[in-house]
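Q:
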Amino acid sequence: MNDLSAAEMEEKIAELAASIDPSDTQAMDAARDRQVTLAKVPGSLGKLEDISVKLAGITGKVKDIDVTKQCIAIFSADNGVVKSGVASAPQSVTQSQTINFTRRITGMSSQARYFGIDVLVTDMGVAGEIPEALYTDKMVIDGKIPVQIVNRSLGKGTEDLSAGPAMTREQAMKAILTGFEAADAMKEAGVTLCGIGEMGIGNTTTSSCLLKALTGLPAEDLVGRGGGLNDEGLAAKVKIVGERGAAATDLDPIDKLALVGGFDICAMAGCFLGAAKNHIPAVIDGFISIAAACMAREFNPAVTDYMFASHKSKEIGYIAAIERLGLEPMFDLGMRLGEGSGCPIAFKIIEAAEASMSLMKTLAEGAIDAEYLEEIKRGHYLD
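Each step along the sequence shown adds one to the number in my numbering, with nothing skipped, and position 303 is 283.
What follows is the structure, given as structure tokens:
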């Protein structure tokens, strides 16, 4: 990737994004048909049924889909816009938490440790120093995701987007391709269900800027307090998002990312696209993750066929993002941590959907008299 020219990188991104297959509609129809025959009232498992149908569209299989080999891809990077007072936490937190992911002691990685979920941590541009002993150049070692930090740093954080472009177009493309690389690595490691998260102080500002550029909504409808911003910082954040997001409106997706994005969001967008290319279901975490998902959609709308939204984020801009994707969150637990912390919970819900689809018996197999269901199946009494 480092040897590619700018023109070659652009061509490769377009080629990879275009290679995403649409959902397998025949498999989805077959999954719906099976749901009707299972030993339950049609529709009684609610969203679990919808999830099982979507899994069929992703994999081309109706049942016996393996979703147990799981990984959360985390992309860490700092954002120069914190110089403008838009973040409540110090930049050093990015470095500390990136290291702590490898120790499995953060909100997300502790869940991952409990459930036996892999975590692929990639340094896209952390400003602080990462101990050399924690670094690796490989995303897969002996067929497994390493418990280290993959070094793909593009610099010590981005530039301050309030004063100019956050990064060059070339840096944005390198980051996007790193996301594709991570998706390929998960495929190589046998991952069958992935989540995509981040770590980067200041990235609610970059996310809001990108959503402003995509939706044209007022900044006030897209900007929240992040990790706990005070009134002065919030006012500065609203102003920056309004002005800089608007400046990115008419740009192509790569230039949008270069002007007001972050190294983390670029890589996340690439990872969503790469997961879809590899037919791996991908779980969206919270606000930053869904902003990256929206950017991935700009490269190929079919990518949303492979996405599951985990939790409803507390960030105000989440509503505009989820509506743009046409998805629904699985649950609302008042979460706003980030890191991919919603992904392990969503993984278990997806497992439950697959378990019911694959292991539940049909009415005939269960020797159940289904005559009473005929009127329900014709559409009566289903609210």
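The beta carbon of each residue, even a glycine, is placed where N, CA and C say it ideally should be.
(1) Quick check on DSSP: helix, strand or coil for residue 124?
(2) What would DSSP say about residue 309, mapped onto helix, strand or coil?
(3) If you compare alpha carbons, which of 113, 123, 68 is closest to residue 171?
(4) Please give the ranges of any beta strand (DSSP E) in the region 69 to 108, keeping only runs that are unbroken, at least 3 residues long and fully inside the region.
(5) Is residue 68 closer than 8 Å to residue 213 when the C-beta atoms are compared?
(6) Quick check: what's the CA-CA separation for residue 70 versus residue 60?
(7) Could you give the first and the last residue of the continuous beta strand (DSSP E) run that contains residue 287?
(8) Please state whether DSSP places residue 21 in a helix, a strand or coil.
(9) Looking at C-alpha atoms only, which residue of 293, 203, 303 is the closest neighbour of residue 312?
(10) Given a threshold of 16 other Cβ atoms within 10 Å of its Cβ, counted over all protein chains shown, does residue 72 qualify as buried or as exposed?
(11) Assign residue 133 to one of two classes, buried (16 or more other C-beta atoms within 10 Å of its C-beta) or exposed (fewer than that).
(12) Could you check how far apart the C-beta atoms of residue 334 and residue 21 are, in whole angstroms? I think they sit under 8 Å.
(13) Using alpha carbons as the reference points, say which of 284, 339, 231, 233 lies closest to residue 255.
(14) Work out the CA separation of residue 100 and residue 53 for me, nearest whole Å.
(15) Let me confirm a value: residue 298 is counted as buried when at least 16 other C-beta atoms fall within 10 Å, else exposed. Which label applies?
(16) What number of angstroms, rounded off, separates the C-alpha of residue 237 from the C-alpha of residue 246?
(17) Are the beta-carbon atoms of residue 165 and residue 120 separated by less than 8 Å?
(18) Going by other Cβ atoms of all chains shown within 10 Å of its Cβ, with 16 needed for buried, is residue -4 buried or exposed?
(19) Do you know how far the Cα of residue 296 is from the Cα of residue 310?
(20) The alpha helix (DSSP H) with residue -4 in it runs from where to where?
(21) Please report how far the alpha carbon of residue 286 lies from the alpha carbon of residue -14, in whole angstroms.
(22) Below 6 Å CB to CB, which residues in the same chain sit around residue 228 once its five sequence neighbours on both sides are set aside?
(23) Within 10 Å of its beta-carbon, does residue 102 have 16 or more other beta-carbons around it, so buried, or fewer, so exposed?
(24) Please state the DSSP three-state secondary structure of residue -17.
(25) Measure the C-alpha to C-alpha separation of residue 203 and residue 215 and round it to an integer number of angstroms.
(26) For residue 269, which of 346, 37, 185 has the nearest alpha-carbon?
(27) For residue 275, does the three-state DSSP call read helix, strand or coil?
(28) Can you give me the Cβ contacts of residue 87 inside the same chain, cut-off strictly under 7 Å, excluding the 5 residues immediately before and after it?
(29) Beta-carbon within less than 8 Å of residue 114's beta-carbon, same chain only, minus the 5 sequence neighbours each way: which residues are those?
A: From the atom records:
(1) If you number the sequence shown from 1, residue 124 lands on position 144. Looking at residue 124 - three-state DSSP - the assignment turns out to be strand.
(2) As a first step, residue 309 must be located in the sequence shown, where it is residue number 329. Three-state result, residue 309: strand.
(3) The residue given as residue 171 occupies position 191 in the sequence shown. Comparing Cα-Cα distances from residue 171 to each of 113, 123, 68, the minimum goes to 123.
(4) 98 to 105
(5) Stepping through the sequence shown from its first residue, residue 213 is reached at position 233. Stepping through the sequence shown from its first residue, residue 68 is reached at position 88. Yes; because the gap between Cβ atoms is below 8 Å, this pair is in contact.
(6) If you number the sequence shown from 1, residue 70 lands on position 90. If you number the sequence shown from 1, residue 60 lands on position 80. Rounded to whole angstroms, residue 70 to residue 60 spans 12 Å at the Cα level.
(7) Here residue 287 is taken as the residue at index 307 of the sequence shown, counted from 1. Run containing residue 287: 287 to 291, per the beta strand (DSSP E) assignment.
(8) Taking the first residue of the sequence shown as position 1, residue 21 is located at position 41. Note: residue 21 maps to coil in three-state DSSP.
(9) The sequence position of residue 312 within the sequence shown is 332, counting from 1. For the residues 293, 203, 303, the minimum Cα distance to residue 312 belongs to 293.
(10) The count along the sequence shown starts at 1 and reaches residue 72 at position 92. Looking at its Cβ environment, which holds fewer than 16 other Cβ atoms inside 10 Å, residue 72 is exposed.
(11) Start at 1 with the first residue of the sequence shown, and residue 133 comes out as number 153. Looking at its Cβ environment, which holds 16 or more other Cβ atoms inside 10 Å, residue 133 is buried.
(12) Position 354 of the sequence shown, counting from 1, holds the residue named residue 334. Position 41 of the sequence shown, counting from 1, holds the residue named residue 21. That belief does not hold up - the Cβ atoms of residue 334 and residue 21 are roughly 20 Å apart, past 8 Å.
(13) Position 275 of the sequence shown, counted from the first residue, corresponds to residue 255. Here the closest residue by C-alpha is 284.
(14) Stepping through the sequence shown from its first residue, residue 53 is reached at position 73. Stepping through the sequence shown from its first residue, residue 100 is reached at position 120. The straight-line gap from Cα to Cα measures roughly 5 Å.
(15) To locate residue 298, count along the sequence shown from 1; it is residue 318. Its Cβ being crowded by 16 or more others within 10 Å, residue 298 is buried.
(16) By 1-based counting over the sequence shown, the position of residue 237 is 257. By 1-based counting over the sequence shown, the position of residue 246 is 266. Cα-Cα distance, rounded: 7 Å.
(17) Numbered from 1 along the sequence shown, position 185 holds the residue referred to as residue 165. Numbered from 1 along the sequence shown, position 140 holds the residue referred to as residue 120. In this structure, residue 120 lies closer than 8 Å to residue 165 by Cβ.
(18) The count along the sequence shown starts at 1 and reaches residue -4 at position 16. Residue -4 is buried by the Cβ-count criterion.
(19) As a working note, residue 310 is residue 330 in the sequence shown. As a working note, residue 296 is residue 316 in the sequence shown. In a straight line, the C-alpha of residue 310 is about 18 Å away from that of residue 296.
(20) By 1-based counting over the sequence shown, the position of residue -4 is 16. Residues -14 to -2.
(21) Position 306 of the sequence shown, counted from the start, is the residue given in the question as residue 286. Position 6 of the sequence shown, counted from the start, is the residue given in the question as residue -14. About 28 Å.
(22) As a first step, residue 228 must be located in the sequence shown, where it is residue number 248. 193, 236, 239, 240.
(23) Taking the first residue of the sequence shown as 1, we reach residue 102 at position 122. With 16 or more Cβ atoms within 10 Å of its Cβ, residue 102 is classed as buried.
(24) Indexing the sequence shown from 1 puts residue -17 at position 3. Coil at residue -17, not helix or strand.
(25) What you label residue 203 is simply residue 223 of the sequence shown in a count that begins at 1. What you label residue 215 is simply residue 235 of the sequence shown in a count that begins at 1. Roughly 10 Å separates the two Cα atoms.
(26) Along the sequence shown, one-based indexing puts residue 269 at 289. Residue 185 is the option with its Cα nearest to residue 269.
(27) As a working note, residue 275 is residue 295 in the sequence shown. Looking at residue 275 - three-state DSSP - the assignment turns out to be helix.
(28) Against the sequence shown, residue 87 aligns to sequence position 107. Taken in chain order, the residues that qualify are 317, 319, 321.
(29) Residue 114 sits at position 134 when you count from the first residue of the sequence shown. 79, 82, 128, 129.
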